[in-house]
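First the structure, in the form of structure tokens, and then the observations on it.
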Amino acid sequence: MAAAAKQAQQLARQLFKLSVVDNVVSTDRVAGVLAYVEKHAPANAVLVLKAYHRLIAVELAKSEARVEHAGAVAPAALAAIAAAMTKKYRRPITATARAHPALLAGLRVRVGDDVYESSVSGQLAALSLSV
Amino acid sequence: MSTVLDQIEQQIAKLSTKAVKKNTGNIRTIADGVAKIDGLSDVMYNEMVAFPGGAIGIALNLEETEVGCVILGDVSKLKEGDEVTTTGKLLSVPVGKALLGRVVDALGNAVDGKGPIDAKETYPVERIAPGIMARKSVNQPLFTGIMAIDSMIPIGRGQRELIIGDRGTGKTTIAIDTIINQAKINKVGLASGDAKFRPVYSIYVAIGQKSSNIVRTVAALEAAGALEYTIIVAATAADNPANQYIAPYSGAAMGEWFMENGMDALIVYDDLSKHAVAYRQISLILKRPSGREAYPGDVFYLHSRLLERAARLDGKGSLTALPIIETLAGDVSAYIPTNVISITDGQIFLETDLFNQGIRPAVSVGLSVSRVGSSAQIKATKQVGGKLKGELAQFRELAAFAQFGSDLDAKTKAQLERGARIVELFKQPAFSPAAIELQVSILFAMQKGFFDPIDAKKVVAAAANMKNFFTTRKDALLTEIRNKAALDKDLEAKLQAACDEWKSGYTA
Ligand SMILES: Nc1ncnc2c1ncn2[C@@H]1O[C@H](COP(=O)(O)OP(=O)(O)O)[C@@H](O)[C@H]1O
Ligand SMILES: [Mg+2]
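Those protein sequences? They're chains A and B, same order as listed.
Quick note on my numbering: the first sequence kicks off at 1 and runs consecutively.
Quick note on my numbering: the second sequence kicks off at 1001 and runs consecutively.
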């Protein structure tokens, strides 16, 4: 079982590498990979696809800045954030807005598993960690 | 409307400067105090991570797609999907004298109901051991108060001496006796006003023991007046394995504070067998490859990096370690015992047979060694006890031989009689360590033959009587022995006279 999972993980990693072009997940390549898996049905295809899904999801998250704010976010602000993050991570990053009423004020931006907080609740949380 | 926009734009401007960056992940699975986490791509090995509700985790396994964390504190409210964040910090515990007299958990939180601890400083739990250049050789004694040990297997400050034996052979008792003895010495030394006196503070780390046992230990220390010089770190059998895994390192950090600040400390790890088991449990949950006895490959490093932290530092203080290992059926060749034996500077080996014969403390003199301590032994002990180990070895050989032949020459008989009396003399009840000057006096009396006319069965009573005689009537003499730490002609004469006086007043 453990060996099968490892094998599936390895294959998924290879497929994943094929799917990324210049640090960006390529839609065409993903379609190609899926067609290949469907046609050749490798051992433990479900395990492989699950692992592949996880890797692609993590990679996609790295190219997206999720902007959370208590109210609506202006398009100009989103564009500014996308530009700032693209510069910071040296890869194309798009910004999408998401309402987050629990934030008292300010912003929370998530890129991959990095979170930038300038919200009051975030600063409170940071403060409570540092004391 | 535009004010809202301004506000947002200001926030964006702040984003590069004021925004707090956190690296996060989500719990994928959680069981037995170990969580596997998606994300946390920036986490460092051994870094503290924060769980919701204030629980703290330590990143132990960094893998491609997940991070394995042990969780300290309450895990009952954590669930799959919860967000976890890195802290950029290594786990630290409070250190300092404020912890003396207290019982704390693996994170240094008070668990004795005496209120919070007012510690001014914290030290990281994991720390690189001092290098050889910073170390000084061991040459100051650390008296256990146990005659068999102080006279034949002496321990020095900064040494690592293993206490090993089966369950119920008196391992914990020896460690507690040693802590009590430090408290007794501290009281006398601090009262004497001697500026050169160096007290020894103790740290007792209980790993995987029943709470009732720990309560008993605390009560024994308190009854002996030793609690005020002692810190107790408790990770009980009921605590999750992560707490048991961390506790010895936390204790070591507390000990290091004394050492770094020019003081001497003693740390007892009771016991490292249970520590290894807790680590094995964590490793199995983390699916690390396992080897001999199902322990992970780095179990040697688990204990070597802990025990390496005991040292005597040039220009600073010392940390002496007494790790305890519990064997099964006296098997010292099992994996964990052999590892720890190879890391320490000697071992005190306790035997079930001896214990059952009533020879307590059940120290096997033949199998016990101290590789560095003899350079720390005071001259007086060497003078009266230097030949003891050899005498006892000879006695055991002769005793085995004597079972076969009945015709023994007078010399052999005398040796047997003497040996039997030494064995009796070394019997000592639990929780009654003897001061080194008293030990010297008793051994002097033995070497001068004062116990020879006494029936072997009555030697214990006679020795107790003599101890009482010296402590109540010869206080000045004892003080002189303690201060001179060597027997000159004058002291020998005084000791001889005192023994004569005792003899004339004693009837068996
Ligand atoms: N020197 C001693 N004299 C009499 N009883 C002792 C002595 N040392 C230990 N005992 C008793 O033996 C029992 C086991 O001792 P303990 O130190 O708990 O063993 P271990 O830690 O090796 O399991 C305890 O009840 C203790 O009181
Ligand atoms: Mg014990």
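Note that beta-carbon positions come from the ideal geometry of N, C-alpha and C, so glycine has one too.
Proximity test, Cβ basis, 8 Å: residue i and chain B
i                  : result
His-115 of chain A : Note that residue 115 of chain A is Val in the sequence shown, not His. Yes, Val-115 of chain A counts as interfacial toward chain B.
Val-131 of chain A : Annotation note: pLDDT 46 at Val-131 of chain A (below 50); position unreliable, coordinate value reported separately. With 8 Å as the cut-off, Val-131 of chain A does not count as an interface residue toward chain B.
Gln-14 of chain A  : no
Contact test: residue i Cβ vs ligand 2 heavy atom, cutoff 7 Å
i                   : result
Asp-1118 of chain B : no
Asp-1270 of chain B : yes
Within chain B, the residues that residue i reaches when beta carbons sit closer than 7 Å
i                  : result
Arg-54 of chain A  : Thr-1065
Gly-112 of chain A : Ser-1041
Straight-line gap, residue i to residue j (C-alpha atoms, nearest Å)
i                   : j                   : result
Lys-1274 of chain B : Thr-1024 of chain B : 33 Å
Asp-1264 of chain B : Gly-1168 of chain B : 30 Å
Phe-1431 of chain B : Ile-1359 of chain B : 15 Å
Thr-1479 of chain B : Ala-1486 of chain B : 12 Å
Tyr-1229 of chain B : Glu-1293 of chain B : 38 Å
Leu-1307 of chain B : Tyr-1301 of chain B : 10 Å
Arg-1288 of chain B : Gly-1101 of chain B : 39 Å
Ala-1311 of chain B : Gln-10 of chain A   : 46 Å
Met-1549 of chain B : Ile-81 of chain A   : Chain B is shown from 1001 up to 1508; residue 1549 of chain B falls before or after that span and cannot be answered.
Lys-1458 of chain B : Ala-1420 of chain B : 11 Å
Val-46 of chain A   : Gly-1346 of chain B : 56 Å
Asn-1493 of chain B : Ser-1370 of chain B : Reading off the sequence shown, one finds Ala at residue 1493 of chain B, where the question assumed Asn. Each residue's alpha carbon lies about 32 Å from the other.
Ala-57 of chain A   : Val-25 of chain A   : 10 Å
Met-1001 of chain B : Val-30 of chain A   : Low confidence applies to Met-1001 of chain B: its pLDDT is 49, below 50, so where it sits in the model is not reliable, and the reading given next is rough at best. Using only the alpha carbons, I get a separation of about 43 Å.
Pro-1094 of chain B : Leu-1060 of chain B : 22 Å
Phe-1401 of chain B : Gln-1394 of chain B : 11 Å
Met-1498 of chain B : Ile-1174 of chain B : One detail in the question is off: residue 1498 of chain B reads as Ala in this sequence, not Met. Straight-line Cα distance between these residues: approximately 30 Å.
Asp-1490 of chain B : Asp-1112 of chain B : 51 Å
Arg-1482 of chain B : Ile-1436 of chain B : 7 Å
Met-1254 of chain B : Gly-1096 of chain B : 7 Å
Ser-1016 of chain B : Arg-1157 of chain B : Model confidence at Ser-1016 of chain B stands at a pLDDT of 43, short of 50, so the residue's coordinates are unreliable and nothing is read from them.
Leu-1350 of chain B : Leu-49 of chain A   : 58 Å
Thr-27 of chain A   : Val-33 of chain A   : 10 Å
Asp-1271 of chain B : Pro-1116 of chain B : 27 Å
Asp-1105 of chain B : Asn-1339 of chain B : 27 Å
Asp-114 of chain A  : Lys-1021 of chain B : 7 Å
Ala-43 of chain A   : Gln-7 of chain A    : 9 Å
Ala-79 of chain A   : Leu-1107 of chain B : 45 Å
Met-1044 of chain B : Gly-1088 of chain B : 8 Å
Pro-1154 of chain B : Asn-1046 of chain B : 37 Å
Gly-1291 of chain B : Ser-1333 of chain B : 16 Å
Asp-1239 of chain B : Gly-1208 of chain B : 8 Å
Cutoff 8 Å: residue i Cβ touching any chain A Cβ
i                   : result
Ser-1016 of chain B : Reliability of the predicted coordinates at Ser-1016 of chain B is poor, the pLDDT of 43 falling under 50, and the value obtained from them is presented with this limitation in mind. Yes, Ser-1016 of chain B counts as interfacial toward chain A.
Leu-1491 of chain B : no
Thr-1344 of chain B : no
Thr-1024 of chain B : yes
Val-1020 of chain B : yes
Any C-beta of chain C under 8 Å from that of residue i
i                   : result
Val-1205 of chain B : In the structure shown, chain C does not exist; the protein chains are A and B.
Among all residues, which have a Cβ less than 6 Å from at least one non-hydrogen atom of ligand 1, and in what chain order do they fall?
B:Gly-1165, B:Arg-1167, B:Gly-1168, B:Thr-1169, B:Gly-1170, B:Lys-1171, B:Thr-1172, B:Thr-1173, B:Arg-1360, B:Pro-1361, B:Gln-1428, B:Pro-1429, B:Ala-1430
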